[in-house]
């Protein structure tokens, strides 16, 4: 189901709207009108299309004030997509070793080839949880992700390199790059021609921009699955929930009126540049939240005996938690 087929439409009438079916007949049925009201389609949307089917995954589309096309999906479809995203985390975790070996190898190249620049971007996604970004968001909202960051976003603070920029939803991110090798490489990149930091030298000897498709294609080839840059944020938030567990426990011990889960998720959200609600719903694996709540306030069961290549003790625990929750 998509908005290229005939659907329901609306027309402003007084302080509200009247609705029409595919034959342009006014809808009067009370149950149909009740369904349309429950969709809560923003009144500012124009050129609104509404699915004639109550159970289709795409329920409505429209054009917002900034002339961007927006979509409303069925709640069951949203829940399904969320489950699939978390379901994929086990396979992503299994592929991380290959991905990390690959990007470390490409970072050794002497020239700023496309593969080397992609490798640096993936290194930063893996360690600093950036959004990938796209040119459309930058042009329409002046918000940035890793592939659209510019030299003006680079700052030096007490010898440390900082990326300071406006991210999605207007949130300002101030990301300190702690790794000396990454700082050196980013500084080198910033000296190359062009506004964007992450540009590569093509076969034509000119410098070109990267985009999210370049990153995702690389991940799919190396990882062997349909992975994307977004998977690093889901993985990163779930890992941070374990890394920041002790800090949250300490906060609760000093202020018992605080709620443990909210305190932990707030700390993760701050690192990720998200709201608490978005971080809890879309980024931290539900099995991880369930685990830490059961474990609280006891120490996490971190194992140094299990050795998974290129993974730290928190990632090893994360793999154990999500593998149990998703045995298939």
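Residue numbers (our numbering): 194 to 521. The beta carbon of each residue, even a glycine, is placed where N, CA and C say it ideally should be.
Open item on the list: Tell me which residues share the same chain as residue 437 and place their Cβ nearer than 7 Å to its Cβ, disregarding the 5 neighbours each side in the sequence.
Closed with: What you label residue 437 is simply residue 244 of the chain shown in a count that begins at 1. Excluding positions up to five away in sequence, the list reads 457, 460 and 461.
TODO: Return the bridge partner residues of residue 265 from the DSSP annotation.
DONE: Stepping through the chain shown from its first residue, residue 265 is reached at position 72. According to DSSP, residue 265 bridges with 253.
Open item on the list: If distances are taken between C-alpha atoms only, which option among 199, 353 and 410 comes closest to residue 422?
Closed with: What you label residue 422 is simply residue 229 of the chain shown in a count that begins at 1. The shortest C-alpha separation from residue 422 is found at 410.
Open item on the list: For a test of the three-state rule: what should DSSP assign to residue 270, helix, strand or coil?
Closed with: Reading the chain shown from its first residue, position 77 is the one you call residue 270. In the structure shown, residue 270 sits in a helix (DSSP, three-state: H, G or I).
Task: Check whether residue 310 and residue 391 have beta carbons under 9 Å apart - done: Here residue 310 is taken as the residue at index 117 of the chain shown, counted from 1. Here residue 391 is taken as the residue at index 198 of the chain shown, counted from 1. Yes; because the gap between Cβ atoms is below 9 Å, this pair is in contact.
Task: Minimum length 4: unbroken alpha helix (DSSP H) runs contained in the region 299 to 375 - done: Fully enclosed alpha helix (DSSP H) runs of 4 or longer: 307 to 321 and 328 to 334.
Task: Residue(s) in a DSSP beta bridge with residue 238 - done: Against the chain shown, residue 238 aligns to sequence position 45. DSSP lists no partner for residue 238.
- [ ] Look up residue 468 in the DSSP assignment and say whether it is helix, strand or coil.
- [x] Along the chain shown, read from residue 1 onward, the residue named residue 468 stands at position 275. Coil at residue 468, not helix or strand.
Open item on the list: Tell me the rounded alpha-carbon separation between residue 264 and residue 255.
Closed with: Residue numbering aside, residue 264 sits at position 71 when the chain shown is read from its first letter. Residue numbering aside, residue 255 sits at position 62 when the chain shown is read from its first letter. Each residue's alpha carbon lies about 7 Å from the other.
- [ ] Would you mind working out which of 402, 226 and 471 sits nearest residue 552, comparing C-alpha positions?
- [x] Residue coverage of the chain in this structure runs from 194 to 521, which leaves residue 552 outside it and unanswerable.
Task: Check whether residue 368 and residue 321 have beta carbons under 9 Å apart - done: For the purposes of this step, residue 368 is identified with residue 175 of the chain shown, where counting begins at 1. For the purposes of this step, residue 321 is identified with residue 128 of the chain shown, where counting begins at 1. Annotated as proximal: residue 368 and residue 321, with beta-carbon spacing under 9 Å.
Open item on the list: Considering just the uninterrupted stretch of the beta strand (DSSP E) at residue 211, what are its terminal residues?
Closed with: Numbered from its first residue, the chain shown carries residue 211 at position 18. Note, residue 211: beta strand (DSSP E), 209 to 213.
TODO: Output the distance between the C-alpha atoms of residue 377 and residue 199, rounded to the nearest integer angstrom.
DONE: Reading the chain shown from its first residue, position 184 is the one you call residue 377. Reading the chain shown from its first residue, position 6 is the one you call residue 199. Roughly 55 Å separates the two Cα atoms.
Task: Touch test, the region 381 to 401 against the region 469 to 488, Cβ-Cβ under 8 Å, three pairs minimum - done: Contact fails: fewer than three Cβ-Cβ distances are below 8 Å.
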